[in-house]
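Read through the structure below, which is laid out as structure tokens, and then see the notes.
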Amino acid sequence: MAQQTDHTTSQHIEVPAPHGDAGGGHGPTSPVNAAMFFWFLTIFVVAALILKKYAFGPILDGLDKREEEIEQSLENADRLERELATLEETVTSKLDETEEQVRGMIDSGREAAREAGKVIESKAKEEAQILRENANRDILSAQGKAENTLRAHSAEVAVEMANKLLRQQMDDKGRKALADQLIAEM
Amino acid sequence: MSLTSIEEKTQAVTDYITQHVMDGGAWSLGTMHLEFASANLPAAFRLSGLMSLIGAVFLCWMYCKVYNHRSRVPRGWTNVMESIVVFVRDEISIPYLGKEDGRKYAWLFLTQFTLILTLNLMGLIPIFATATSSLSVTLALAFTTFLAMVGWAVQRYGWMGFFKNFIPHGVPTPVLFMLVPIEIAGLFIKTLVLAIRLFANMLAGHIVLFAMIGMTVIYGVYALPAIGLGLFVFFLELLVAFLQTYIFVMLSAIFIGQMLHPEH
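Chains as they are written, first to last, in my numbering: chain D, 1 to 186; chain G, 187 to 450.
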């Protein structure tokens, strides 16, 4: 094949006959060039060694490591999800429990407030009753005093009026007018 | 356009195609011609040898320098290259060799895959040539599979165990005299077929592609529809480049897996 190539190209591009088959091929008519075979094999082996050491080896290790990390992260996420579900259950039950307790506390508080209200109300009523009685007593006492004072003053006035009537010799008309005047003055 | 000029153009196109797809002694870079044979260089420094060297150096540069080994989240080219590594490991190496061997020997399939793909794709770039359309190159590639098949099987089972694996269970002794040589011959045939398949596909595809494009050079505007056809063949060749790489490496993995796990 190489010979054919060079034969055709030598007509126009003027490429001289290659040394390929001279380098250990299978003869002039063979499509396989032994030198090319070993040259490519060398390139392949060298490239494979370089790539294995500096490229594919580290890349494959890195991929394994990354996949391991992802797997671990997924496992962790699953574990956390399970833990979260458990925690949510606990929180819900605690909330229910607390709600129950709070409801109990509110009810008992309400009951206590009601009791306290009743006590205060009865006390206030008692105090009001006492105040009312005291006030009545004071009123009655003041009324008694006033009556006594009035009685005494009336007696004095009556005495004084009688004295005045006795001292003045008047006719019936004049006596009546004096009496009216004294009553008006009183 | 005279008949002579058409003949000359046809000859020029034929020369270009031949030089591009076959293992010539010169490298055509537009108007410049690098002639290896005339410089009395070893035969290995012919077009396919040079393309293989460029491809291998490019591959090593890409994976050792361009690939970002430090990034935790791969991006750009690192992502593309890592996808290839993951694909070869998970879709080729591990399924046919098992989890343990698949991880252990993935480097060989990775080297084969990336190198063949690079060489196949280089053939689609006008200034380069297709190294994999040389039978010497594909034979050398298949030989690496052969070496792995024999070497790793002998390493695991020893020479006696290696040959014992060619003897199927429950077969009458007289039949073995016929069957064992066939099995051993099969080892070489598999390797040879591996090489020929890649060589033939890459050679044929490129010849068709350049013939389509060459028609416009020969017949001018009359052959313009051939450009569309050439474009179609180009995309087909792109597919073939990937497909043949995959087939070669997958078959290598199957053959090596059969040698390492003969019970399957």
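Note that the Cβ used here is the ideal one computed from N, Cα and C, for glycine as well. None of these values were measured; they are calculated from a predicted model.
Residue i to residue j span [Cα, whole Å]
i, j, result
"G:G416", "G:I393", "11 Å"
"G:Y405", "G:V271", "45 Å"
"D:S154", "D:K173", "24 Å"
"G:V340", "G:L236", "34 Å"
"G:E423", "D:D78", "47 Å"
"D:I50", "G:I375", "30 Å"
"G:V199", "G:F428", "27 Å"
"G:T196", "G:S322", "28 Å"
"D:E75", "D:E69", "10 Å"
"G:F299", "G:Y343", "27 Å"
"D:P58", "G:M388", "32 Å"
"G:L373", "D:G62", "35 Å"
"G:K285", "G:L305", "29 Å"
"G:I440", "G:G309", "27 Å"
"D:S108", "D:K118", "15 Å"
"G:F145", "G:V266", "Missing from the structure shown is residue 145 of chain G; chain G here goes from 187 to 450 and no further."
"G:P281", "G:K290", "13 Å"
"D:K123", "D:E115", "12 Å"
"D:A162", "D:D171", "15 Å"
"D:E100", "D:E71", "43 Å"
"D:S73", "D:D96", "34 Å"
"D:E156", "D:N148", "12 Å"
Residue i burial status per 10 Å Cβ neighbour count (16 or more: buried)
i, result
"G:S234", "buried"
"G:D287", "buried"
"D:M1", "For D:M1, the predicted model reports a pLDDT of 33, less than 50, meaning its position is unreliable; a value from the coordinates is still stated below. Counting Cβ neighbours within 10 Å, D:M1 comes out buried, since at least 16 surround it."
"G:T330", "buried"
"G:A315", "buried"
"G:E449", "exposed"
"G:G241", "buried"
"D:I43", "buried"
"G:P354", "exposed"
"G:I442", "buried"
"G:T324", "buried"
"G:E268", "buried"
8 Å Cβ cutoff met for residue i and residue j
i, j, result
"D:R175", "D:L166", "no"
"G:F295", "G:I311", "no"
"G:Q444", "G:L384", "no"
"G:T297", "D:A48", "yes"
"G:L395", "G:F420", "yes"
"G:I192", "G:G400", "no"
"G:P313", "G:F434", "In the sequence as presented, Pro is not what sits at residue 313 of chain G; that position holds Ile. Not closer than 8 Å, so no."
"D:K65", "G:W293", "no"
"D:F40", "G:S238", "yes"
"G:A412", "G:M398", "yes"
"G:L446", "G:W345", "no"
"G:A317", "G:T377", "no"
"D:F37", "G:A326", "yes"
"D:Q168", "D:L182", "no"
"G:R275", "D:L60", "yes"
Contacting residues, own chain, Cβ-Cβ under 7 Å from residue i (five flanking each side not counted)
i, result
"G:T359", "none"
"G:F352", "V366, E369, I370"
"G:T264", "Y253, N254, S257"
"G:L283", "Y291, A439, I442, G443, L446"
"G:F332", "T377"
is_contact[residue i, chain D] using C-beta, thresh 8 Å
i, result
"G:T196", "no"
"G:G416", "no"
"G:Y253", "yes"
"G:G372", "no"
"G:G235", "yes"
"G:T402", "no"
"G:E193", "no"
"G:L384", "no"
"G:S438", "no"
"G:A409", "no"
"G:E286", "no"
"G:F329", "yes"
"G:S269", "no"
"G:T377", "no"
Neighbour flag for residue i against chain G, beta carbons, 8 Å
i, result
"D:N33", "yes"
"D:K52", "yes"
"D:L87", "no"
"D:M36", "yes"
"D:I106", "no"
"D:I43", "yes"
"D:A48", "yes"
"D:L63", "yes"
"D:I59", "yes"
Cβ shell of residue i (< 8 Å), same chain only, five flanking positions each side left out
i, result
"G:V357", "L365"
"G:M436", "I278, Y282"
Beta-carbon contacts of residue i that lie in its chain and below 6 Å, excluding the five residues immediately before and after
i, result
"G:C246", "none"
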